[in-house]
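Numbering (the numbering used here), first residue to last: 14 to 690. Backbone N, C-alpha and C define an ideal beta-carbon position, used for all residues, glycine too.
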């Protein structure tokens, strides 16, 4: 009932507007270009300032100092910020899930502005993307990801932000940011004759004047739609179902296709001309070209998409003094868009007018996207894409085995996961790999990495006689162990495509049954008794950044390198069974046993990779066999159809008795063949 009432009220307002225009036309001109609908809902520009008669020649119209000389495209620069300020520069990305806001993606980097440190931060939520530059003092001495997020949006409640520390994450975030960018536009162009006040009259014009043709030559060039390779704007370029030609132009690295009402197919007997309205009614912005001075109202055309109209009226067309009067009307929820119309809003024919008009059209569409209806659609799309981005980032992190990094702000220790996010963002970020040099001069390439209880106090360790950690033996570097690489790059690429099916095989390496994890640089180097470090403070320390110090070497890690899926250590820690008592040295038998265990681990890793490759090969073969099976089934169906068709032909061409005999013989042969098979 409410819908019916609204439709009745809408039709009533349209009729009232139509009567108003007819009443205006009963009086002598000049007439206003635009009449606001009786039901309201629209604003207009360029009419109230019109005090010059349509036949008057305006000297100095559109001067060089007017807005047409400063045409500027109004676009949302937020979509360009990530590429402009983050790509190719050291920065950090984080993702999180908030109970109130849903998925969040944060990007941050440091900049020096006026010799002072600032943070450039981008926060992506389901409601939009926020980009700000804040001084470092606003984050005090602990610039964590959660505090950065709250600076931009105080509704953020989560403290758990996970760093994006794997390859491909930056490209995924960039693709999300730029999904709203477009360089293609389509606009409608409606031809209005004098006294036309209805939608049927506007779309029913089968011919057009020379003035309209002159105007079309200004805004673009005529192109044949068949086999057109540029942006087609929904028009048919193969079979000519949407007309033979149209108007197209390129403007500031953008492609524009115009839906010309008189060039779209005209259907005899169709009062509504649905073939024309189907395209123009789905545009967001349209030009209304008035052949003569006659009013236009936005509610003449019933459309849920059309939000803005630019009304053009020629003065002295097809002459050297040709000029154009311009007015604008748009829905109330569409914000004002530039360039601003001069006073009077009359332009001479030429390049300046073309630049002004095309800029006005593009800005009108960009402004229409901010209206209530399109904003809801954009938010729905943005939320869906953000959820997909969060899911992809989380899935990719699990694929590369990154449970080690899934703690940042949740740690109560005053030193964060990157030994202060502030230092990490200022360009002193480090990978989890370390360079620890003992006082002894003897260096061995074997490193033993142990886990300790999760809630235990973090303590450092020292090496007894001689042991050093080489930076090449890293938890975070890809390819830190040559034995852990897959020799075939093609196999690596294929594994990524099937990572959903092999999550268990790519899970984190350290589980509760493993006790400890050993990272080896060279399996051929034997352990010696004096190479084993003794227990100093009771526990080994292993965290993604807390055991780093200013004395350790720096690397160029920007947070985009990945952790090897075979080198990730479980977050639980256990005591070192080989370093319980620092006073008791290890026996040679224990050292020999340890070497044997290390060799067994390497063999198991190699066997695991071989099994994974075999598993992948089997899946590929099964997939090919299934495809072959489907092809054979299709061929069999076609053969059965052909047999049935031939039987019908045979039935028509032969008498019934002969056909029955032949059919019985075929059945006998088929039965014998089946039995033999």
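- The residue among 39, 176, 239 and 378 with its C-alpha nearest the C-alpha of residue 411 is 176.
- Residue 338 is positioned such that its CB atom lies closer than 8 Å to that of residue 46.
- In terms of CA proximity to residue 48, 34 leads the group 208, 98 and 34.
- Residue 328 places its beta carbon 8 Å or farther from that of residue 341.
- Relative to the Cα of residue 86, the nearest Cα in the group 301, 141, 112 and 379 belongs to 379.
- Residue 413 carries a helical assignment under DSSP once its states are collapsed to helix, strand and coil.
- Between the alpha carbons of residue 36 and residue 346 lies a distance of about 29 Å.
- A straight line joining the alpha-carbon of residue 222 with that of residue 390 spans about 39 Å.
- Short of 6 Å from the beta carbon of residue 312, and not among the five residues preceding or following it, lie these beta carbons of its own chain, in chain order: 27, 30 and 50.
- If one requires a minimum length of 3 residues, the beta strand (DSSP E) runs lying completely within the region 312 to 392 are 321 to 328, 336 to 344 and 359 to 361, in chain order.
- Around the Cβ of residue 294, a 10 Å sphere holds 16 or more other Cβ atoms; the residue is buried.
- Nearest to residue 224 by C-alpha distance, out of 209, 216 and 204, is 204.
- Residue 249: not part of any alpha helix (DSSP H); DSSP gives it neither H nor E.
- Contact annotation, residue 376 with residue 351: C-beta distance approximately 6 Å; criterion of less than 8 Å satisfied.
- A straight-line Cα-Cα distance of about 10 Å links residue 628 and residue 622.
- Measuring C-alpha to C-alpha distances from residue 191 to each of 142, 619, 102 and 161 identifies 142 as the nearest.
- A Cβ-Cβ distance of about 5 Å is found for the pair residue 189 and residue 402, placing them in contact under the 8 Å criterion.
- Distance from the CA atom of residue 240 to the CA atom of residue 261, rounded to whole angstroms, is 14 Å.
- DSSP places residue 235 in the uninterrupted beta strand (DSSP E) bounded by 234 to 237.
- Taking 8 Å as the cut-off, the Cβ atoms of residue 344 and residue 179 do not count as close.
- Of the residues assessed, residue 654 falls on the exposed side of the cut-off, its CB having fewer than 16 other CB atoms within 10 angstroms.
- Following the DSSP letters along the chain, one finds residue 94 inside the alpha helix (DSSP H) bounded by residues 91 to 98.
- In this structure, the straight-line span from the alpha carbon of residue 103 to that of residue 619 is close to 36 Å.
- With contacts defined by Cβ atoms closer than 8 Å, residue 268 and residue 207 do not form a contacting pair.
- Beta-bridge pairing by DSSP links residue 197 to 268.
- Rounded to the nearest whole angstrom, the C-alpha separation of residue 393 and residue 383 is 14 Å.
- Its chain contains 260, 261, 262, 269 and 271 as the residues whose beta carbon lies nearer than 8 Å to that of residue 233, once the 5 sequence neighbours on both sides are disregarded; these appear in chain order.
- By the neighbour-count criterion, in which 16 or more other beta carbons inside 10 Å mark a residue as buried, residue 348 falls on the exposed side.
- Here DSSP, grouped into helix, strand and coil, assigns residue 129 to strand.
- Residue 302 is bridged by DSSP to 204 and 325.
- In the three-state DSSP reduction, residue 141 falls in the strand class (E or B).
- With respect to residue 273, residue 366 sits apart: the two C-beta atoms are not nearer than 8 Å.
- For residue 110, the uninterrupted beta strand (DSSP E) run begins and ends at 105 to 111, by DSSP.
- Sorting 154, 162, 213 and 93 by C-alpha distance to the C-alpha of residue 119 places 162 at the top.
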